[in-house]
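Trainee: In terms of this note's numbering, the sequence shown is residues 5 to 281. Positions of the beta carbon are idealized from the N, C-alpha and C atoms, including for glycine. The structure presented is a predicted model; accordingly, all values stated were derived computationally and were not measured.
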Amino acid sequence: MRLERETKEFFEKYRQRYLDNRQRFSDGLNKTLAEKKDWIAHISYQPYKWLFVLPLLIATTLICGVLAIVTALLFSPRTGGIFGMIWARINSFCTPMTVHVVGADNIEPGTSYVITSNHQSMYDIYVLYGWLGIDFKWVMKKELKKVPVLGLACKIIGHIYIDRSDSKSAVDTIKAARAKIVGGTSVLFFPEGTRSVDGKMKQFKKGAFKMAIDLGIPILPVTINGTRNILPKGSLDLTPGGATMIIHKPIPVTDYHDGNLPELMEHTRRRMNAFLD
């Protein structure tokens, strides 16, 4: 009986070891096949990216930029902004990038906001322009002003260029732009100041929050996930994928002033960061 029991235990032990090794081999093989499949898909995508997606971006930027300029001059800057939405949606669709919007009902029509969004990728611009659904003026770095057609279109539509290397000039520019934030038109900031390399949210700069307090209009926090996987900062390694835009409930600024402005900044940052993947 003892010999039989020991023999049974011996075979059970090595049977289990065999099963464990087989499972590890199977898992490793599946992972290798998945990685190979991803690699093949990535390589296959490259001709499409270089021969279609990037030429399309250039063409739509020129065409939509010219149409935006003409429409803004003939009718109004707000009308010209419609071509920004068209430009964003065409390029998103052809990447392809799917966009899922959460919290659109938190926007009250006709209300002006100071919109604050995290920034991980150039594709954030497509998401915001294409799917936010309200008229807004963008606070953007002055270098974009030099981009042919796009720079002029953004200026005529009423977007706001700032010199990030000159803090006094940036403050003066933002002050001068306050007159544009009327009649349901909002202003959009990337309060981190630049794109995040690792996806983590950087500390905020105070310009957006100072404007909200001075104008007495609410903050509209927005969190975008997924765009960093599509096009990381400093890379041309474009990959199809999906993005999610979460529009949070507005934050009233009635209880805030210059003395507790850092509290408003931290409150907004915590709300946005809580939904960051």
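#1: Excluding the 5 residues preceding and the 5 following Leu77 in the sequence, name in chain order all residues of the same chain whose CB lies nearer than 7 Å to its CB.
#2: Taking the straight line between their C-alpha atoms, what separation do you get for Ser48 and Lys237?
#3: Is the distance from the Cβ of Val103 to the Cβ of Met249 below 8 Å?
#4: Among the residues of its own chain, which have a CB less than 8 Å from the CB of Ile164, if the five just before and after it don't count?
#5: Quick check on the burial criterion: 16 or more other C-beta atoms within 10 angstroms. Buried or exposed for Arg274?
#6: Quickly, what does DSSP pair Tyr165 with across the bridge? List them, please.
#7: Report back the beta-carbon spacing between Ile129 and Ile251 to the nearest angstrom; my notes put them in contact at under 8 Å.
#8: Considering only DSSP beta bridges, list what Leu192 is partnered with.
#9: Please report how far the alpha carbon of Trp91 lies from the alpha carbon of Ile62, in whole angstroms.
#10: Taking the Cβ atom as the reference point for each residue, do Ile228 and Asn122 lie within a distance shorter than 8 Å?
#11: Would you report the Cα separation of Asp139 and His46, rounded to the nearest angstrom?
#12: Taking 8 Å as the cut-off, decide whether the C-beta atoms of Gln124 and Thr189 are in contact.
#13: How about Val153 and Leu66: do their beta carbons lie closer than 8 Å?
#14: Which same chain residues end up closer than 8 Å to Pro100 when comparing Cβ atoms and leaving out the 5 residues on each side of it in sequence?
#15: Looking at the structure shown, is Ala278 part of a helix, part of a strand, or coil, going by DSSP?
#16: What are the start and end residues of the beta strand (DSSP E) that includes Met249?
Mentor: According to the data block:
#1: On the sequence shown, position 73 is the one that residue 77 refers to. In its chain, beyond the 5 residues on either side, Ile160 have a beta carbon closer than 7 Å to the beta carbon of Leu77.
#2: For the purposes of this step, residue 48 is identified with residue 44 of the sequence shown, where counting begins at 1. For the purposes of this step, residue 237 is identified with residue 233 of the sequence shown, where counting begins at 1. The C-alpha of Lys237 is placed about 22 Å away from the C-alpha of Ser48.
#3: The sequence position of residue 103 within the sequence shown is 99, counting from 1. The sequence position of residue 249 within the sequence shown is 245, counting from 1. Cβ distance < 8 Å, so Val103 and Met249 count as in contact.
#4: Numbered from 1 along the sequence shown, position 160 holds the residue referred to as residue 164. Closer than 8 Å at the Cβ level, and outside the excluded window around Ile164, lie Lys141, Trp142, Val143, Met144, Thr177, Ile178, Ala181, Lys184 and Val191.
#5: For this step, residue 274 is matched to residue 270 along the sequence shown. Per the 10 Å Cβ criterion, exposed.
#6: In the sequence shown, the residue the question calls residue 165 occupies position 161. Tyr165 is bridged to Met144.
#7: Residue mapping note: residue 129 aligns to position 125 of the sequence shown, counting from 1. Residue mapping note: residue 251 aligns to position 247 of the sequence shown, counting from 1. Actually they are not in contact, since the Cβ atoms of Ile129 and Ile251 sit about 16 Å apart, beyond 8 Å.
#8: As a working mapping, residue 192 is identified with position 188 in the sequence shown. For Leu192, which the question treats as bridged, DSSP gives the partners Ile119 and Trp142.
#9: Here residue 91 refers to the residue found at position 87 of the sequence shown. Here residue 62 refers to the residue found at position 58 of the sequence shown. Whole-angstrom Cα-Cα distance: 11 Å.
#10: The residue you call residue 228 lines up with position 224 of the sequence shown. The residue you call residue 122 lines up with position 118 of the sequence shown. Yes, they are a contact pair.
#11: The residue you call residue 139 lines up with position 135 of the sequence shown. The residue you call residue 46 lines up with position 42 of the sequence shown. Approximately 36 Å, taken between the alpha carbons.
#12: Against the sequence shown, residue 124 aligns to sequence position 120. Against the sequence shown, residue 189 aligns to sequence position 185. It is not a contact, given that the beta carbons lie outside the stated cut-off.
#13: Taking the first residue of the sequence shown as position 1, residue 153 is located at position 149. Taking the first residue of the sequence shown as position 1, residue 66 is located at position 62. Yes, they are a contact pair.
#14: Indexing the sequence shown from 1 puts residue 100 at position 96. Pro244.
#15: One-based indexing of the sequence shown puts residue 278 at position 274. Coil.
#16: What you label residue 249 is simply residue 245 of the sequence shown in a count that begins at 1. Start and end: Gly245 to Ile251.
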